[in-house]
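Chains as they are written, first to last, in my numbering: chain A, 234 to 820; chain B, 300 to 663.
Don't be surprised by glycine CBs; every beta carbon is placed ideally from N, CA and C.
Taking it in order: structure first as structure tokens, then the write-up.
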Amino acid sequence: MSILTAPRQQGSPPREFGSGRGANIFRRWLPTIILGVILGYLVVIPLALLVLGSFKPTGLLFDPGFTLRHYIELYGNPNTYVLLGTSAVFAFGSTLFALVLGAALAWLAERTDMPGRRPVRFLVILPMAMPPVLLAIGWGLLLSPRIGLINTALRDAFGIDQPLLNIYSMGGMIFVQAISMVPTAYLMLAPAFRNMDPALEEAALASGAKPFRVVTRVVLPLLWPSLLAAGAFILVVGFTVFDIPGILGMPVGIYVLSSEIYFQSSPPAGLPNYGGISALASVFLVILFALSWYYQRQTNRSQRYVTISGKASRARQFQLGAWKWVATGMVALYFIVGVFGPLIVLAWTSLLPYYAGFSTDMLSRLTLDNHVALASNPSVLGAAVNSIVVAVVAATVVTLLSAAISWVVVRSRARGRKVFDMLAFLPLAVPHTMIGLALIFVYLTFTAVPVYGTIWILVIAFVTCYISFGTRSTNSVLFQISGELEESAHTSGAGWMRTFREITLPLMRPALIAVWIWVAAHAMRELSAALMLQGRDNAVFPTLLWGYWDAGQATVAAAAGVWLIGALFVFVILTAVFGRKKKGDFR
Amino acid sequence: MNTITTTRSRGRTVRALIALAGSGALLAACATEAPGAPAPTASEPAAVATIVQSTAYAEIDPALIEAAETESGSLVMYDSTPDDKVNELFAAFREDFPFVTETKHVLLRAAEVATRVLQESQAGVATADVAITGGPALTDLSERDLLLDVDWSAIGVPDELVANDQLIATAASIYVIIYNTDRVAEEDAPGGWDDLLDPKWAGKISMMSDPLPIAQLVPVLGGDKVTELWQGIAVQSPVMVQDTVAVANAVASGEAEIGIGHFHATQPAISAGAPVEIVFPSPVALSLLYSAIPSGGDNPATGKLFAAWLATEKGAKLNESISRRGNPFLPTTEAAELLKGREISAFAPQDAGQLNQWLSTLSR
Chain A
234 MSILTAPRQQ GSPPREFGSG RGANIFRRWL PTIILGVILG YLVVIPLALL
284 VLGSFKPTGL LFDPGFTLRH YIELYGNPNT YVLLGTSAVF AFGSTLFALV
334 LGAALAWLAE RTDMPGRRPV RFLVILPMAM PPVLLAIGWG LLLSPRIGLI
384 NTALRDAFGI DQPLLNIYSM GGMIFVQAIS MVPTAYLMLA PAFRNMDPAL
434 EEAALASGAK PFRVVTRVVL PLLWPSLLAA GAFILVVGFT VFDIPGILGM
484 PVGIYVLSSE IYFQSSPPAG LPNYGGISAL ASVFLVILFA LSWYYQRQTN
534 RSQRYVTISG KASRARQFQL GAWKWVATGM VALYFIVGVF GPLIVLAWTS
584 LLPYYAGFST DMLSRLTLDN HVALASNPSV LGAAVNSIVV AVVAATVVTL
634 LSAAISWVVV RSRARGRKVF DMLAFLPLAV PHTMIGLALI FVYLTFTAVP
684 VYGTIWILVI AFVTCYISFG TRSTNSVLFQ ISGELEESAH TSGAGWMRTF
734 REITLPLMRP ALIAVWIWVA AHAMRELSAA LMLQGRDNAV FPTLLWGYWD
784 AGQATVAAAA GVWLIGALFV FVILTAVFGR KKKGDFR
Chain B
300 MNTITTTRSR GRTVRALIAL AGSGALLAAC ATEAPGAPAP TASEPAAVAT
350 IVQSTAYAEI DPALIEAAET ESGSLVMYDS TPDDKVNELF AAFREDFPFV
400 TETKHVLLRA AEVATRVLQE SQAGVATADV AITGGPALTD LSERDLLLDV
450 DWSAIGVPDE LVANDQLIAT AASIYVIIYN TDRVAEEDAP GGWDDLLDPK
500 WAGKISMMSD PLPIAQLVPV LGGDKVTELW QGIAVQSPVM VQDTVAVANA
550 VASGEAEIGI GHFHATQPAI SAGAPVEIVF PSPVALSLLY SAIPSGGDNP
600 ATGKLFAAWL ATEKGAKLNE SISRRGNPFL PTTEAAELLK GREISAFAPQ
650 DAGQLNQWLS TLSR
């Protein structure tokens, strides 16, 4: 049985980095220097170029001259503020919904005796592999007022004329965006649930607290760093995502800020307005600065959240009793409707000769031609290999880097650690197209690093794009791990590197695996940056998929989506098998 | 030396070659040129345009082939056609010119083709040997002196394809009205642009969110008429989507009953048996795709050779068969047959500024 970790005095400073062997100036500054160089390279340069581009007439950095025109046009336009308001409704609504669903799934899978918890851990990740554009299209085919399968079935069942549900609405947008973010919320919250010290809840229950009070006074406060991190992350994604608002909102005249980015980056004629996009992205930067400041303020006294200590503990399972079948039913409903529904639509579309809704007439016309066409494409193998290499390397780098950054931010007193935390968060604000544009500039200028046009420029781009997710996740877990474990190691003579490798990393293992899977899945489906950075030898699977879509072959694109999801499923299984070598991961 | 002829002859189709300067002057009557100027107006919707077809395909100059042979045997192309399709094209090109041993294609969004050439040229690194995209973006490169001047006639390209010293037309995106035959009877389908304003289509039209198809009508219909048309369509609460592929999908699936789409983007659905039919409204709006030779490419002669080869019978027909976008200026292409005798409307590449201004005006 675990024992409540005795927190150190609130507000006491974290342990000095390297103090176990007597800190000296070099050691004190070593993490600052190392992380400063890495984050400067990965984050500061693209962000600086983004800001610089916003003052360039065309947004292109080699172009001469400077201007404030983009800011004046953007912020002098009342429509910008209307879009901001609409975006806020969409972002906050989808964040709330995703957090509730993600937390519920994480709690049920990690802390209860609900049957089928193990499949839940695998299946919840599946939607991450589905490119948002295909997810939104899938939901369109399910809930379109005119041709949606569910609406059609409801109409037939109840004999009504009007559709009951309309996915082309703000509610529909929020719903689909939330569904798409549930895996992210789950992966950020599950380790926190898993690591939660059951003694705290037991103590509260033993003191006569009702379950609601236990949740509000014990569970939620302990989860606060993770909830805050997941909420901030999902919120900013809600402000920047375009695919779902583009497909479900635009047809009915609902526009958000990211719609403006889309219009600026895909003009009907001429060059994209990169300067305008950069100026618009500065809105997101401001939002992120505010969120980052709030996050740091809230997590300043990290000892409050410690739940993993040197004392033995075993996660207590809530006995749901008869409710476990209700919970199983609700989770099954989520998977059937929220996960398998769009997947089935995608699979259905991949078997059609042309894009169509569900109908019995089409059953006789199902064909494997799209899959055959995909398999016959000689570019597929190279693109698939590139995708896997990029995903594996980017995921590994993000995971290790996130662990290192979080350790410095949460554990050390290294100079500039709060700045590092903020820097690691900020790339979330930058549209991936712009990260691609900045990297092209960087590597066209510094040709000594010959990555331009290769898959390695994609790895660099994806590490920059996803470091914010990684650090939010690893920060949350480190907040829960008591420093006394590392102090014990130091007392026993272990150096900081050995302590990090043998104590900290293993304790962070579930979260690190979650980060790895998340980044790998997103890297395998990322299109905007991949297309911007496409060179002569670095085609990846999403660019192939886009090529089919752009050529009017939506059904072949759907086939490519099916294979992409299949590949991710294999990824997850392999990771799970690997993870099971250490008891406790992906049980 | 022009791609689209325009005259002031009201209501009459004229097949005549008019110098680009003349075309520009005519179009200038329909639109103001100065950036930031008030919304363009046009009260003279008198321009009539038609395609002037060449009577022959390109006959490539042997000297160009010799020049290409002296280069490295490599070709790099930037455009937005899927890799597998371009690979077919490259294979046929290498078959005709075996000294070209390495062909590389970089798939980019249409809007990003010129950006990539621009960035690479400014950085002084090798860029594409041939770039294919829309006229306005390439004109931007031309204004920055990043495209080679080419004597297209001298290397064997028919005059009818030549827009200017930098650009030749190699394909056309044709805007059409499409309808779902399961939901709309042929006799009820819209036959022209004005039919889209019929209240019966309210909420049933799918179209791109940008006004490019409508803006391309300005040279023929004039600004006032186009503005009226655009506003009338907006009143119909059309289902706005991101691209013409999505328009074709919406109509094929029955999500929308009619749509303003691209001929080529609709072809895969029609070929696969979708209940979709095409109507060519009058005038037919076009967006032309041009080939250009960036000055920063390593193998400019090979780039020219490829651009010229696209105007040969083999190159043009293969290009049309894989991309569904043909070259209407060449004889016996499907695009040429489709547009034969039809009134067409499009901005010439040197009038990109006016097109952009119209797009901006209509987008408001």
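By the beta-carbon neighbour count (other beta carbons within 10 angstroms, threshold 16), G486(A) is exposed.
Interface with chain A (8 Å Cβ-Cβ cutoff): V546(B) is excluded.
In the DSSP annotation of this structure, M347(A) is not part of any beta strand (DSSP E), being labelled neither H nor E.
Under the DSSP definition of a beta bridge, N479(B) partners with V575(B).
By the criterion of at least three beta-carbon pairs nearer than 8 Å, the segment 585-597 of chain B is in contact with the segment 460-476 of chain B. Neighbourhood of T473(A) in chain B, by CB distance below 7 Å: empty, with the nearest CB roughly 17 Å away.
Distance from the CA of D654(A) to the CA of W751(A), rounded to the nearest whole angstrom, comes to 20 Å. Contact annotation for W796(A) against chain B: no contact, minimum CB-CB distance about 15 Å [criterion: below 7 Å]. Against chain A, the CB of K616(B) has no partner CB under 8 Å away; the residue lies outside that interface. As the crow flies, the alpha-carbon of L518(A) is around 39 Å from that of A555(B). With fewer than 16 other Cβ atoms inside 10 Å of its own Cβ, Y314(A) counts as exposed.
Contact of P593(B) with chain A is not assigned, every C-beta pair being separated by 8 Å or more.
The alpha-carbon of T300(A) is positioned some 13 Å away from that of Y507(A). Closest by C-alpha distance to P381(B), out of A787(A), D476(A), I798(A), is A787(A). The straight-line gap separating the alpha-carbon atoms of G490(B) and D383(B) is approximately 36 Å. Under the 8 Å criterion on CB atoms, Q410(A) is classed as non-interfacial with respect to chain B.
For W689(A), the nearest beta carbon of chain B is not closer than 8 Å to its own beta carbon. The C-beta of V663(A) has 16 or more other C-beta atoms within 10 Å across all chains shown, which makes the residue buried. Below 8 Å, enough C-beta pairs join the segment 703-723 of chain A and the segment 644-659 of chain A to call them touching: three or more.
For V663(A), there is no enclosing alpha helix (DSSP H), since its DSSP letter is neither H nor E. When the beta-carbon positions are compared, K403(B) and R769(A) come within less than 8 Å of each other.
Taking the Cα positions, S635(A) is about 6 Å away from T707(A). Between V353(A) and the set A337(A), F466(A), L797(A), N619(A), the nearest pair of CA atoms involves A337(A).
Residues of the segment 398-431 of chain B that bring their beta carbon within less than 7 Å of a beta carbon in chain A comprise K403, V405, L406, L407, R408, A410, E411, A413, T414, L417, Q418, E419, Q421, A422, V424, in sequence order. Collapsing the DSSP output to three states places F551(A) in a strand. Listed in chain order, the positions of the segment 758-773 of chain A with a beta carbon within less than 7 Å of a beta carbon of chain B are L764, M765, Q767, G768, R769, A772.
G785(A) has a beta carbon lying within less than 8 Å of a beta carbon in chain B. Within chain A, the C-beta atoms nearer than 8 Å to that of M539(B) come from M483, P484, G486, in chain order. The way I'd put it, the segment 428-442 of chain A doesn't touch the segment 585-597 of chain A; fewer than three beta-carbon pairs between them come closer than 8 Å. Spanning the alpha carbons of V789(A) and I477(B) requires a straight line of approximately 22 Å. Per the coordinates, the alpha-carbon of G471(A) lies some 19 Å from the alpha-carbon of S498(A). Rounded to the nearest angstrom, the gap between the Cα atoms of R734(A) and G553(B) is 58 Å. Scanning its chain for C-beta atoms nearer than 7 Å, with the 5 sequence neighbours on each side dropped, one finds around L504(A) the residues T291, in chain order. Judged by beta-carbon spacing, W457(A) lies within the 8 Å limit of Q531(A), meaning their Cβ atoms are closer than that value. Pairing A427(B) with E394(B), the inter-Cα distance amounts to about 21 Å. For S508(B), the CB contacts under 8 Å within the same chain, skipping 5 residues up- and downstream, are M539, V540, Q541 in chain order.
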